[in-house]
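What follows is a short report on a single structure.
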Amino acid sequence: MANAGDRVICGVAESHHYISLLQTSLKIKDPFSTKSIHAQIIKSGLHLGLFVVNNLINVYAKLGYTSDASKVFDELPVKNISSWNTILSAYTRGGMISEAVSFFNKMPDRDSVSWTTMIVSYNRSGFWDDALRLFSKMVSSQVLPNQYTFTNVLGSCGAIRELDVGKMVHSFVIKLGFVDNVAVANSLLNMYAKSRSANAAKMVFESIPLKDVSSWNGMISLHMQSGEVDLALTLFEQMKERDIVSWNLLITGCNQHGFDVKALEIFSTMLKDTKIIPDRYALASALSACASTKNVSVGRQIHGHIVRTSFNTSGAVGNALICMYSRCGCVENAHRIVIQTGRSNLNVIAFTALLDGYVKLGDINPARQIFDSLAERDVVVWTAMLVGYVQNGSHNEAMALFRLMMIRDGEKPNSYTLAAILSSISSLASLNHGKQIHAVAIRILEASPASLDNALINMYAKAGNILYAKKIFSLSHQRKDAISWTSMIIALAQHGLAKEAIHLFENMLECDSKPDHITYVGVFSACTHAGLVEDGRRYYKMMQEVHDIVPTSSHCACMIDLLGRAGLLHEALEFIEKMPVEPDAIAWGSLLAACKIHKNAELAKVAAENLLKIDPDNGGAYSALANAYSACGRWREAAGVRKSMKLKQVKKEQGFSWIQIKNEVHAFGVEDGLHPQRDAIYQLMEKIWKEIKKMGYIPDTDSVLHDLDPELKEQILKHHSEKLAIAFGLLNTPENATLRIMKNLRVCNDCHSAIKFISKLVNREIILRDATRFHHFQGGVCSCRDYW
DNA sequence: CTAGGGTTAG
12 MANAGDRVIC
22 GVAESHHYIS
32 LLQTSLKIKD
42 PFSTKSIHAQ
52 IIKSGLHLGL
62 FVVNNLINVY
72 AKLGYTSDAS
82 KVFDELPVKN
92 ISSWNTILSA
102 YTRGGMISEA
112 VSFFNKMPDR
122 DSVSWTTMIV
132 SYNRSGFWDD
142 ALRLFSKMVS
152 SQVLPNQYTF
162 TNVLGSCGAI
172 RELDVGKMVH
182 SFVIKLGFVD
192 NVAVANSLLN
202 MYAKSRSANA
212 AKMVFESIPL
222 KDVSSWNGMI
232 SLHMQSGEVD
242 LALTLFEQMK
252 ERDIVSWNLL
262 ITGCNQHGFD
272 VKALEIFSTM
282 LKDTKIIPDR
292 YALASALSAC
302 ASTKNVSVGR
312 QIHGHIVRTS
322 FNTSGAVGNA
332 LICMYSRCGC
342 VENAHRIVIQ
352 TGRSNLNVIA
362 FTALLDGYVK
372 LGDINPARQI
382 FDSLAERDVV
392 VWTAMLVGYV
402 QNGSHNEAMA
412 LFRLMMIRDG
422 EKPNSYTLAA
432 ILSSISSLAS
442 LNHGKQIHAV
452 AIRILEASPA
462 SLDNALINMY
472 AKAGNILYAK
482 KIFSLSHQRK
492 DAISWTSMII
502 ALAQHGLAKE
512 AIHLFENMLE
522 CDSKPDHITY
532 VGVFSACTHA
542 GLVEDGRRYY
552 KMMQEVHDIV
562 PTSSHCACMI
572 DLLGRAGLLH
582 EALEFIEKMP
592 VEPDAIAWGS
602 LLAACKIHKN
612 AELAKVAAEN
622 LLKIDPDNGG
632 AYSALANAYS
642 ACGRWREAAG
652 VRKSMKLKQV
662 KKEQGFSWIQ
672 IKNEVHAFGV
682 EDGLHPQRDA
692 IYQLMEKIWK
702 EIKKMGYIPD
712 TDSVLHDLDP
722 ELKEQILKHH
732 SEKLAIAFGL
742 LNTPENATLR
752 IMKNLRVCND
762 CHSAIKFISK
772 LVNREIILRD
782 ATRFHHFQGG
792 VCSCRDYW
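So for the first sequence, this note's numbering puts the first residue at 12; every next one is plus one.
Below, the structure is given as structure tokens:
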């Protein structure tokens, strides 16, 4: 047993002995050996000095034995600032910020380590402002920052793009002589890079005397952030050594900028040419690249690697796998990974991708099941579900979901949500709902993006309010895109404002906005509605020669329509025979419709036969052919067609019309006897009928089967669904109010003529949206000038 | 006792 004097002399050696023991116990994470060392230290008395005891406290703290650490600290008769700092760091490491703050305030003295520990703690929790505030307090308390302080404070500046503060810190760094410290210099570089000061960042980089891998990585990151992928790649080539971060910067950068093939190339080079093992960032980005390029086979290989190395699929990697399989259409695989990984380890983004995968396959029900199973929903997943319904044509479900989102869940929609619901509203042509959404958009969005304006234009146009559509278009002048022009051109064309539509198209060309294939559909339909055959031909040529657009079947259908309606039936047939794509049902249907208008039964027969060859169940073909025969007075043949229709049980779409009064939609079929107001409606129609006949209206009884009693013929015409809807509208709206009627089929000749008279008789504007376009009736005339 | 570079997925 050594005496007291020996102990003092041996102190230093003994200290080293205990410290190395403590470090080993920390390294192997063995709390029991720590306890036994602790016992030995007590046994030998606390003469070893604070250095050893502080070390003991630290090891306890780092192993998570906070109460043991505190106990040793509390029992210390004499403490130095390092003892206090050690406990402080124990609190901050455990994320106990409020405890750390009150401990920090209790400290008798604070040095740069104490302050820095607090700053680091704030940074770790993302409280960048608090970190900077504490830094300025530190400086005014006359405590000098060290290199650790600077790296962290510069990190805070970069995170919140506080360039001005960052510059001040920079001058401080220079003053205290830390510029040559590579860690501090790298932090400066990154601060400037994040604050979008590329030149300052480059200057810092050039001035670093001993650049390390991180310095180079910082520059690569800078270039990737600015989208200069080539420069980033060049720098990467120049590097003498590269680490996983260098590789990941390239992989994620290429992925983010759409160079997904390159990203996968780099990923495979890393696997092949280096010993670097891909981490979760590399795997997630590579999988994302597979998703974007729909490269399942590489995606499966990466999945295989993940399985072989039993890589943890919780979090980023699992989410990326699910997204990859969903976007590649392998929804079952994605679903399997959800089950294997466990729902709680995955996030809403992965589930949104899965939901979307089902939507893309047209499986709306499983998509809804996933949606319902989510514990937490954000605005994006609500929107994805909504878009699913819209694309599926389930507009009522879309409306119901939107209500659920707004009212029951209180989720705030964004511009994508609003554009999606507007698309449903457009299909339902519900002006009231559309106006409500417009109001929501004005209330909650700071600025309306072009996409939303376009949805609004579309909605107002489809709901019959062309004036509002024009207003939105003219107000969105700063952020107009090609789709805005297209939406407006189509809107004008649908409303029969063909000259305006074409004028707008010319404007669009002058503004150097590039029309696409849809723009041209709008242009052709405008030409058709106005009978502008020559313009139509010219634009058809321009589309191919100037804008390099290959005509699609819809363009051809428009052209056939244009020629046919103008009476150039043989030219239309010639067009079909020479058109660049295989003639489809719509092409022959257009010709057939034209034959009906121009009473050409021979050609109608050719068109109908061809149409039925392609689409044998097309009820429209039969009735169009029958109508064409009727129109030429060939009753027997017309009856023959109708008979064969019955024989073949071909269904003809039932015509109906609807009108919205307040928030309710009232639908009417032909001879609708079910409506509660039927007597009043029929009486009013009777009265109107007499009045308009006095004004010169002649019922188009030729369009009805010929072998009926004339009285009965009139009766049938009188009770067409659009006329009933108008009578109902007149009964239930204030005087002078505009009536907006929708019809699922095209308006018939007789109704078109009758409504003109009605508009004059009751002095109302009547807007009728039929299957293809709008008719604005006012003062006895229609906006289509009887050409439709 | 305190620290610097890369953070994916709808």
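Note that CB positions come from ideal geometry on N, CA and C, so glycine has one too.
Could you spell out the range, first to last residue, of the alpha helix (DSSP H) harbouring G445?
By 1-based counting over the first sequence, the position of residue 445 is 434. L442 to I455 is the extent of the alpha helix (DSSP H) around G445.
Anyone know if the C-beta pair for G315 and V342 falls short of 7 Å?
Here residue 315 corresponds to residue number 304 of the first sequence, with the count starting at 1. Here residue 342 corresponds to residue number 331 of the first sequence, with the count starting at 1. Between G315 and V342, the CB-CB gap reaches or exceeds 7 Å.
Counting pairs of Cβ atoms below 8 Å between the region 394-401 and the region 623-637, do you hit three or more?
Taking 8 Å as the limit for Cβ pairs, the verdict is that the region 623-637 does not touch the region 394-401.
Please classify E613 as buried or exposed, where buried requires at least 16 neighbouring CB atoms within 10 angstroms.
Position 602 of the first sequence, counting from 1, holds the residue named residue 613. The residue in question, E613, is exposed, as its Cβ has fewer than 16 Cβ neighbours within 10 Å.
Is the beta carbon of A364 sitting closer than 7 Å to the one on C339?
Reading the first sequence from its first residue, position 353 is the one you call residue 364. Reading the first sequence from its first residue, position 328 is the one you call residue 339. Not a contact, by the Cβ cut-off of 7 Å.
How should D17 be labelled, buried or exposed, when 16 other C-beta atoms within 10 angstroms of its C-beta is the threshold for buried?
By 1-based counting over the first sequence, the position of residue 17 is 6. Unreliable placement is indicated for D17, whose pLDDT of 39 sits below 50; the coordinate value is still reported in the next sentence. Counting Cβ neighbours within 10 Å, D17 comes out exposed, since fewer than 16 surround it.
List the endpoints of the continuous beta strand (DSSP E) containing I777.
Translated into the one-based positions of the first sequence, residue 777 becomes position 766. Membership of I777 in the beta strand (DSSP E) is indicated by the continuous run I777 to R780.
With a threshold of 16 other CB atoms inside 10 Å of the CB of K754, please say whether the residue is buried or exposed.
Here residue 754 refers to the residue found at position 743 of the first sequence. With a 10 Å radius around the Cβ and a threshold of 16 neighbouring Cβ atoms, K754 comes out buried.
Based on the DSSP output, what are the partners of W669 in its beta bridges?
Numbered from 1 along the first sequence, position 658 holds the residue referred to as residue 669. According to DSSP, W669 bridges with A678 and M753.
Hey, could you find the ends of the beta strand (DSSP E) H763 is sitting in?
Along the first sequence, one-based indexing puts residue 763 at 752. Counting along the chain, no beta strand (DSSP E) covers H763; the unbroken alpha helix (DSSP H) around it starts and ends at N760 to V773.
Spell out a yes or no on whether the region 697-712 and the region 650-661 are touching, meaning 3 or more CB-CB pairs, one atom from each, closer than 8 Å.
In short, these stretches do not touch, since the Cβ pair count stays below three.
Have a look at F768, C762 and G790 and flag the residue whose alpha-carbon is nearest the alpha-carbon of R780.
One-based indexing of the first sequence puts residue 780 at position 769. It is C762.
DSSP on H787, reduced to helix/strand/coil?
Reading the first sequence from its first residue, position 776 is the one you call residue 787. Here H787 sits in strand by DSSP.
Which residue comes first and which comes last in the alpha helix (DSSP H) that contains H346?
Counted from its first residue, the first sequence places residue 346 at position 335. Judged by DSSP secondary structure, H346 falls within the alpha helix (DSSP H) whose first and last residues are V342 to T352.
Helix, strand or coil: which one does DSSP assign to V792?
Position 781 of the first sequence, counted from the first residue, corresponds to residue 792. Residue state for V792 is assigned as strand, using DSSP reduced to three classes.
Cβ neighbours of I501 in the same chain (closer than 6 Å, five flanking residues each side left out)
In the first sequence, the residue the question calls residue 501 occupies position 490. Same-chain partners within the cutoff: G533.
I'd like the span of the alpha helix (DSSP H) that includes F382, first residue to last.
Translated into the one-based positions of the first sequence, residue 382 becomes position 371. Start and end: I375 to S384.
Name the residue from D122, G166, W646 and R172 whose alpha carbon lies nearest to the alpha carbon of K148.
Numbered from its first residue, the first sequence carries residue 148 at position 137. Comparing Cα positions, the closest option is D122.
M470 beta carbon less than 7 Å from that of S495:
Start at 1 with the first residue of the first sequence, and residue 495 comes out as number 484. Start at 1 with the first residue of the first sequence, and residue 470 comes out as number 459. Going by C-beta atoms, S495 is not nearer than 7 Å to M470.
Taking 7 Å as the cut-off, decide whether the C-beta atoms of K767 and C795 are in contact.
Reading the first sequence from its first residue, position 756 is the one you call residue 767. Reading the first sequence from its first residue, position 784 is the one you call residue 795. No, Cβ-Cβ distance for K767 and C795 is not below 7 Å.
Can you tell me whether H27 is buried or exposed, with buried defined as 16 or more other CB within 10 angstroms of its CB?
For the purposes of this step, residue 27 is taken as residue 16 along the first sequence, with counting starting at 1. Flag for H27 reads exposed.
So, for L244: in the same chain, excluding its five sequence neighbours on each side, which residues have a beta-carbon less than 8 Å away from its beta-carbon?
As a first step, residue 244 must be located in the first sequence, where it is residue number 233. Cβ neighbours of L244 within its own chain (closer than 8 Å, five residues either side excluded): L261.
In chain order, what residues of the same chain have a beta carbon less than 6 Å from the beta carbon of V370, not counting five sequence neighbours either side?
Position 359 of the first sequence, counted from the start, is the residue given in the question as residue 370. Listed in chain order, the non-local C-beta contacts of V370 below 6 Å within the same chain comprise A378 and G399, local neighbours out to five positions each way being set aside.
Just list the alpha helix (DSSP H) runs in the region 263-311, keeping only unbroken ones of 4 residues or longer that don't cross its boundaries, in chain order.
Segments of the alpha helix (DSSP H) lying fully in the region 263-311: 271-284 and 291-304.
From T320 to L433, what distance separates their C-alpha atoms?
Position 309 of the first sequence, counting from 1, holds the residue named residue 320. Position 422 of the first sequence, counting from 1, holds the residue named residue 433. Approximately 48 Å between the Cα atoms of the pair.
Rounded C-beta distance between A461 and K491? I'm assuming under 8 Å.
What you label residue 461 is simply residue 450 of the first sequence in a count that begins at 1. What you label residue 491 is simply residue 480 of the first sequence in a count that begins at 1. Indeed, because the Cβ distance is near 7 Å, the residues count as touching under 8 Å.
Where the alpha helix (DSSP H) containing K734 begins and where it ends
The residue labelled residue 734 in the question sits at position 723 within the first sequence. Counting along the chain, the alpha helix (DSSP H) containing K734 begins and ends at S732 to N743.
Own chain, CB closer than 7 Å to F270, minus 5 neighbours either side, in chain order
Residue mapping note: residue 270 aligns to position 259 of the first sequence, counting from 1. Only V240 meet the Cβ criterion.
Would W227 and M250 be called neighbours here (beta carbons separated by less than 7 Å)?
Your numbering for residue 227 matches position 216 in the first sequence. Your numbering for residue 250 matches position 239 in the first sequence. The Cβ atoms of W227 and M250 sit closer than 7 Å to each other.
Along the chain, where does the alpha helix (DSSP H) containing G575 start, and where does it finish?
As a working note, residue 575 is residue 564 in the first sequence. First-last of the alpha helix (DSSP H) with G575: S564 to R576.
Could you say which of E733, T712, G75 and H731 lies nearest to K724 if we only look at CA atoms?
Start at 1 with the first residue of the first sequence, and residue 724 comes out as number 713. Selection E733, T712, G75 and H731 evaluated against K724 yields T712 as nearest (Cα-Cα).
Grab the span of the alpha helix (DSSP H) containing Q158 for me, first residue to last.
Against the first sequence, residue 158 aligns to sequence position 147. Looking at the DSSP string, the run of the alpha helix (DSSP H) that includes Q158 is Q158 to A170.
If contacts are defined as beta-carbon pairs under 8 Å, then Q609 and L580 qualify, I think. What distance do you get, rounded to the angstrom?
Locating residue 609 in the first sequence gives position 598, where the first residue counts as 1. Locating residue 580 in the first sequence gives position 569, where the first residue counts as 1. The sequence shown places His at residue 609, not Gln. Their Cβ separation, rounded to whole angstroms, is 6 Å, which keeps H609 and L580 in contact under 8 Å.
For the region 686-727, which segments carrying the alpha helix (DSSP H) assignment without a break, of at least 4 residues, lie completely within its bounds, in sequence order?
When DSSP assignments are scanned along the region 686-727, the uninterrupted stretches of alpha helix (DSSP H) that are 4 or more residues long and fall wholly within it turn out to be 689-706.
Looking only at its chain, what residues have a beta carbon closer than 7 Å to the beta carbon of I20, apart from the 5 residues adjacent to it on each side?
Counted from its first residue, the first sequence places residue 20 at position 9. No answer about I20 holds up, because its pLDDT of 40 lies below 50 and its placement is not dependable.
Which one of A450, N66 and S405 has the shortest CA to CA distance from W95?
Counting from one through the first sequence, the residue named residue 95 turns up at place 84. The residue with the shortest Cα to Cα distance from W95 is N66.
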